[in-house]
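Protein chains in written order, with the numbering used here: chain A, 15 to 206; chain B, 450 to 608. Below you'll find the structure, written out as structure tokens, and then a few comments.
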């Protein structure tokens, strides 16, 4: 009964989250190999528009105005300082930055489009419960994928233990990699 | 819990050529002090008497102040504690200046990526070969791959 349940959890969680997990591992590998697979901006567009209503707009209105006037989209972040507001929109492979000075209606937006590696990295880095249901759902799937890696490990461990009669090789490999990780942490904290 | 320790201060007499530019000077100092890690470019501060910079590695943070007159380097070494060190292993490709040991971590990371992708592929193959829950799993897999792929296209093209 227990074995059958664990087996089902292991199989169906893999089937549901397969694309996410493959994407995180492939893009993560590309990220640690950044020297070989560099990020590049392939297109940069700068646009200046006069939007009189923008000065008095609150944050929600500001986002709508920028989407309407510049066609920008994605997860956003608003920063305010004494001289200007800046709004950054981001979705995988494309990011934009809009500068809204306090003393003029002239608004400048720079849109940058990245190469394939930038898109992959964008998916890997996309996180945070903000900017609408689409991104909330993504953040949830991101958390779920992280959790599933732990679930796969534990359920896989259980299934291996139940189905294999000889555990020695498995224990040796598990022990070797655990000791190696512990050694690396010890080395970085103490020995280096 | 975190095991973070207080900063440790130490001093070492060492000679470096003051004609070197900032980046080379920081790297030469790091090497002569036998520290591993990356000098942080934006922390370089230099005048005619001294050169100061910060240096980072996964387990420790350093502030190095070098006096050209005394030829001494004052170092403040701050351990980051267990969780920050452990966390920094995520995304650590094995390239850490002055540390050949970390190359093995990089190799291990490459191996793990290959093994995980192989495990997913072979795991699915073995499951479908066993014919248990095969139909339900195949439908779940196809639907989830389709939905996730379409969602990624939507995020890229529309945002």
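Note that beta-carbon positions come from the ideal geometry of N, C-alpha and C, so glycine has one too.
(Q) Measuring straight from C-alpha to C-alpha, what distance separates residue 138 of chain A and residue 604 of chain B? (A) Numbered from 1 along the first chain, position 124 holds the residue referred to as residue 138 of chain A. Numbered from 1 along the second chain, position 155 holds the residue referred to as residue 604 of chain B. Those two C-alpha atoms are separated by around 13 angstroms.
Q: Out of A:106, A:153, A:160, point me to the one whose CA is closest to residue 135 of chain A's CA.
A: Here residue 135 of chain A refers to the residue found at position 121 of the first chain. Of the listed residues, the one whose Cα sits closest to residue 135 of chain A is A:106.
Q: Less than 8 angstroms between the CB atoms is what I'm expecting for residue 131 of chain A and residue 121 of chain A, so what's the real figure, rounded?
A: In the first chain, residue 131 of chain A corresponds to position 117, counting from 1. In the first chain, residue 121 of chain A corresponds to position 107, counting from 1. At roughly 30 angstroms, the Cβ-Cβ gap does not stay under 8 angstroms, so residue 131 of chain A and residue 121 of chain A are not in contact.
Q: Pull up the CB-CB distance for residue 40 of chain A and residue 598 of chain B, whole angstroms please, since I reckon it's below 8 angstroms.
A: Taking the first chain and counting its residues from 1, one reaches residue 40 of chain A at position 26. Taking the second chain and counting its residues from 1, one reaches residue 598 of chain B at position 149. About 14 angstroms; that fails the 8 angstroms criterion.
Q. For residue 148 of chain A, which option in A:90, A:190, A:198, A:101 has the closest C-alpha, if you only look at C-alpha atoms?
A. For the purposes of this step, residue 148 of chain A is taken as the residue at position 134 of the first chain. That would be A:90, whose Cα lies nearest to the Cα of residue 148 of chain A.
Q.
Looking at the secondary structure, which residues open and close the beta strand (DSSP E) in which residue 32 of chain A lies?
A. Taking the first residue of the first chain as position 1, residue 32 of chain A is located at position 18. No beta strand (DSSP E) holds residue 32 of chain A; the alpha helix (DSSP H) holding it covers 16-46.
Q) Is the region 466-473 of chain B close to the region 530-541 of chain B, with three or more CB pairs under 8 angstroms? A) no
Q) At least one CB of chain A closer than 8 angstroms to the CB of residue 567 of chain B: is that the case? A) In the second chain, residue 567 of chain B corresponds to position 118, counting from 1. Chain A contact via Cβ: absent.
Q.
Going by DSSP in three states, residue 516 of chain B sits in which element: helix, strand or coil?
A. Taking the first residue of the second chain as position 1, residue 516 of chain B is located at position 67. If DSSP states are grouped into helix, strand and coil, residue 516 of chain B belongs with the strands.
Q: Kindly give me the distance between the Cβ atoms of residue 103 of chain A and residue 86 of chain A, rounded to whole angstroms, as I take these residues to be in contact under 8 angstroms.
A: Walking along the first chain from the start, residue 103 of chain A turns up at place 89. Walking along the first chain from the start, residue 86 of chain A turns up at place 72. Contact holds; Cβ gap of about 4 angstroms.
Q | Rounded C-alpha distance that separates residue 124 of chain A from residue 52 of chain A | A | The residue you call residue 124 of chain A lines up with position 110 of the first chain. The residue you call residue 52 of chain A lines up with position 38 of the first chain. Approximately 21 angstroms between the Cα atoms of the pair.
Q) Using a Cβ-Cβ distance under 8 angstroms, would residue 589 of chain B count as near chain A? A) For the purposes of this step, residue 589 of chain B is taken as residue 140 along the second chain, with counting starting at 1. For residue 589 of chain B, the answer is yes, since a Cβ of chain A falls inside 8 angstroms of its Cβ.
Q. What residues from chain A crowd round residue 598 of chain B, counting only those whose CB sits closer than 7 angstroms?
A. As a position in the second chain, residue 598 of chain B is number 149, starting the count at 1. Residues of chain A passing the Cβ test: 33.
Q) Going by other Cβ atoms of all chains shown within 10 Å of its Cβ, with 16 needed for buried, is residue 522 of chain B buried or exposed? A) Here residue 522 of chain B refers to the residue found at position 73 when the second chain is read from its first residue. The residue is buried, with at least 16 neighbouring Cβ atoms inside 10 Å.
Q: Anything in chain A within Cβ reach of residue 491 of chain B, meaning under 7 angstroms, just list it in chain order.
A: To locate residue 491 of chain B, count along the second chain from 1; it is residue 42. What residue 491 of chain B touches in chain A: nothing, since even the nearest Cβ is about 19 angstroms away.
Q. Quick one: what does DSSP say residue 101 of chain A is sitting in, helix, strand or coil?
A. Counted from its first residue, the first chain places residue 101 of chain A at position 87. In the structure shown, residue 101 of chain A sits in a strand (DSSP, three-state: E or B).
(Q) Looking at the strands, I want to know which residues DSSP matches up with residue 90 of chain A. (A) As a position in the first chain, residue 90 of chain A is number 76, starting the count at 1. DSSP lists A:103 as partners of residue 90 of chain A.
(Q) Counting only Cβ pairs nearer than 9 angstroms, list the residues of chain E close to residue 538 of chain B. (A) Protein chains A and B are contained in the structure displayed, whereas chain E is not.
Q) Mind checking if residue 123 of chain A is an interface residue toward chain B, Cβ cutoff 8 angstroms exclusive? A) Stepping through the first chain from its first residue, residue 123 of chain A is reached at position 109. Not one chain B Cβ lies under 8 angstroms of residue 123 of chain A.
(Q) For a cutoff of 8 angstroms on Cβ pairs, would you count residue 605 of chain B as touching chain A? (A) As a position in the second chain, residue 605 of chain B is number 156, starting the count at 1. Judged by the 8 angstroms Cβ criterion, residue 605 of chain B is in contact with chain A.
Q. Do you know offhand how far residue 484 of chain B's Cα is from residue 527 of chain B's?
A. The residue labelled residue 484 of chain B in the question sits at position 35 within the second chain. The residue labelled residue 527 of chain B in the question sits at position 78 within the second chain. In a straight line, the C-alpha of residue 484 of chain B is about 13 angstroms away from that of residue 527 of chain B.
Q: Grab the span of the beta strand (DSSP E) containing residue 439 of chain B for me, first residue to last.
A: As displayed, chain B neither begins before 450 nor continues past 608, which places residue 439 of chain B out of reach and without an answer.
**Q.** Amino acids of chain A, ordered along the chain, whose beta-carbon sits closer than 7 angstroms to that of residue 558 of chain B
**A.** On the second chain, residue 558 of chain B is found 109 positions in, with the first residue counted as 1. Going along chain A in sequence order, the residues near residue 558 of chain B (Cβ under 7 angstroms) are 46.
Q | Contacts around residue 499 of chain B, its chain only, beta-carbon distance under 7 angstroms, and the 5 residues preceding and following it disregarded | A | Position 50 of the second chain, counted from the first residue, corresponds to residue 499 of chain B. Closer than 7 angstroms at the Cβ level, and outside the excluded window around residue 499 of chain B, lie 514, 515, 516, 517.
Q. Using a Cβ-Cβ distance under 8 angstroms, would residue 522 of chain B count as near chain A?
A. Indexing the second chain from 1 puts residue 522 of chain B at position 73. Cβ-Cβ to chain A under 8 angstroms: no for residue 522 of chain B.
Q: Identify whether residue 176 of chain A lies in helix, strand or coil by the three-state DSSP scheme.
A: To locate residue 176 of chain A, count along the first chain from 1; it is residue 162. Three-state DSSP puts residue 176 of chain A in a helix.
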